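Colleague: Provided herewith is a single structure, encoded as structure tokens, for subsequent inquiry.
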């Protein structure tokens, strides 16, 4: 490679890397009131590093201590009013204390335990809540029992409103297509609906795709034929009675709606929910999928009256300390590489910066990637892997040079000797992370995805990027052997 060409490549590479470093860490105004947010600031953090929100679901018949105290206060106030004192029920007669909650007499048996019906309904509701949040794949979420008959749920902070998420996942009842009066037009169970998934409708909005079975497609065609006929028979042309509308509901809660102007006979129907974030559309799709099987339907009403902020479980400034630790480790690695390998170390530094910046781009811009402590360990492992195999190649180059080969020949032989082990290790780790990705949920799922990305980027940088930078820096060196921190008794320098 010619010196002029190598100079151009070095300058361009340095400018690109410097620009990526700048947009990764810097925030600056774009004109009031807009600010550019650095890429590191776009990374979603799991509850262990970034905190989030939590709520407690109370099933029908179970109230909190706060709500019970309010009933007692209201009861005592009414006793002081002669006109209402005879019609006031004592909360102590209506509720029984159970841990930190109170159970209604409607759901308790004579021995003080809950009725079998309530226990069965609550168990189903608890199981479905777990499945809904697992399918949502929120890194670091937790769904656990509290006081035996309430459910505490913790989620990381995301673009989606936490209160809306909690309320939506509390919906109960059967999935069905209805008219404006909630009259069922068509069941929404697995007999008719295969699945649902979030889809992009326009540049800025998202919706949900409903995939029908063959029987469901035929039944939906009949329903939309009737709706279209009813609309055409409206001589006024008015949409006052919404004859052309159908709604997708769970119980009495409407999820989606669409206008019908003609009969629809297709295996998939796309319904625009006008969601501004894909996460909101995914929530509705998860909810639909969770209600397809009859055994997954529960009728008990769940109430999440309060949403609370959740501090990071690893500490208030856990994310900052993680960033500082990575910065210190990276700086130490850079210094050691330059001292130990000089010019080869410089090529490694450029390769590592490429690795780190591409990694940041992927984690910050790919939707659904949330960084948790498992992801931090995955990043650390992938970074160590990239450094280790670069240094392994440098060792082989040094060994080959020590046998008397020219520097150019030593570099080729050294990389050739490193190729097999480097490829094998990256392929094995990629397959392992791929299996973990598809076999896990939540925190492990996110960590597996982050590790998978790191393995791919490490392979590309180790096998290609670092070697590329080594060649262009060597093209500039006057004393190439000394540039690589090699020594040879002969006075000659390798060309």
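Numbering (our numbering), first residue to last: 1 to 495. Where a beta carbon is used, it is the ideal one built from N, C-alpha and C, also for glycine. Given the structure is predicted, the values throughout are model-derived calculations rather than measurements.
1) Have a look at the DSSP bridge pairing and note the partners of residue 567.
2) Nearest to residue 90 by alpha carbon, out of 390, 309, 105 and 270?
3) Alpha carbon to alpha carbon, what distance is there between residue 108 and residue 242?
4) Less than 7 Å between C-beta atoms, sequence neighbours within five positions excluded: which residues of the same chain meet that for residue 351?
5) Excluding sequence positions up to five away, which residues of its chain have a Cβ less than 7 Å from the Cβ of residue 497?
6) What is the rounded straight-line gap between the Cα of residue 455 and the Cα of residue 430?
7) At 4 residues or longer, and completely inside the segment 111-196: list those alpha helix (DSSP H) runs for me, N to C.
8) So for residue 249, helix, strand or coil by DSSP?
9) From residue 476 to residue 8, what distance separates their C-alpha atoms?
10) Apart from the five residues on each side of it in sequence, which residues of its chain come closer than 6 Å, Cβ to Cβ, to residue 286?
11) By the three-class DSSP mapping on this structure, what secondary structure does residue 319 have?
12) Less than 7 Å separating the beta-carbons of residue 55 and residue 153?
13) At which residue ranges does the segment 45-106 contain complete beta strand (DSSP E) runs of 3 or more residues, listed in the order of the chain?
14) Would you call the CB atoms of residue 162 and residue 53 closer than 7 Å?
15) Among 275, 4, 379 and 244, which has the Cα closest to the Cα of residue 225?
16) Quick one: Cα of residue 296 to Cα of residue 114, how far?
17) On the three-pair Cβ rule with 8 Å, is the segment 260-276 touching the segment 208-216?
18) According to DSSP, which residues form a beta bridge with residue 302?
19) Is residue 173 near residue 250, with beta carbons less than 7 Å apart?
20) Provide the residue span of the beta strand (DSSP E) that contains residue 510, from first to last.
21) In the DSSP assignment, find the beta strand (DSSP E) that holds residue 268 and state where it starts and stops.
22) If you check the beta carbons only, do residue 401 and residue 326 fall under 7 Å apart?
23) Between which two residues does the beta strand (DSSP E) containing residue 207 stretch?
24) Look at the Cβ atom of residue 128, then the Cβ atom of residue 196, and state whether they are nearer than 7 Å.
25) Would you kindly report the start and end of the unbroken alpha helix (DSSP H) that includes residue 484?
26) Using CA coordinates, which residue listed in 406, 463 and 453 is at the minimum distance from residue 375?
27) Using the C-alpha atoms, what's the distance from residue 192 back to residue 57?
28) Counting along the chain, where does the alpha helix (DSSP H) carrying residue 345 start and finish?
29) With burial defined as no fewer than 16 other Cβ atoms inside 10 Å of the residue's Cβ, what is the status of residue 139: buried or exposed?
30) Are the beta-carbon atoms of residue 329 and residue 378 separated by less than 7 Å?
31) Quick one: residues in its chain with C-beta nearer than 8 Å to the C-beta of residue 349, no 5 flanking neighbours on either side, listed in chain order?
32) If you check the beta carbons only, do residue 436 and residue 448 fall under 7 Å apart?
33) Does any CB atom of chain C fall closer than 7 Å to the CB of residue 461?
34) Would you report the Cα separation of residue 383 and residue 361, rounded to the nearest angstrom?
35) If we count the other Cβ atoms within 10 Å of its Cβ and call it buried at 16 or more, is residue 178 buried or exposed?
36) What is the residue span of the alpha helix (DSSP H) that residue 244 lies within?
Modeller: On the basis of the supplied data:
1) Residue 567 cannot be examined here, being either before or after the span of the chain that is shown, 1 to 495.
2) 105
3) Note that residue 242 scores a pLDDT of 43, beneath 50, so its modelled location is shaky; the value from the coordinates is reported in the next line. Answer to the nearest angstrom: the Cα atoms are 44 Å apart.
4) 390, 461, 465, 466 and 469
5) Past the boundaries of the shown model lies residue 497; the chain is included only from 1 to 495, so the question cannot be answered.
6) 6 Å
7) Considered as a whole, the segment 111-196 harbours 116-136 and 162-169 as its complete alpha helix (DSSP H) runs of no fewer than 4 residues, in chain order.
8) Looking at residue 249 - three-state DSSP - the assignment turns out to be strand.
9) 11 Å
10) Result list for residue 286: 132, 135 and 136, in chain order.
11) helix
12) yes
13) If we require 3 residues or more, the beta strand (DSSP E) runs fully inside the segment 45-106 come out as 52-59, 62-64, 95-98 and 101-104.
14) yes
15) If we check each option's Cα against that of residue 225, 244 comes out closest.
16) 21 Å
17) yes
18) 59
19) Contact flag set, yes.
20) Here the chain comprises residues numbered 1 to 495, so residue 510 is not present and cannot be evaluated.
21) 268-275
22) Taking a C-beta distance under 7 Å as the contact criterion, residue 401 and residue 326 do not qualify as a contact pair.
23) 206-212
24) Result no, Cβ atoms of residue 128 and residue 196 do not sit closer than 7 Å.
25) Segment: none, residue 484 is in no alpha helix (DSSP H) and carries neither H nor E.
26) 453
27) 31 Å
28) 343-365
29) buried
30) no
31) 334, 337 and 338
32) Contact: yes.
33) Judged by its chain identifiers, the structure shown contains no chain C, having just a single protein chain.
34) 15 Å
35) buried
36) That residue, residue 244, is in no alpha helix (DSSP H); it is neither H nor E in DSSP.
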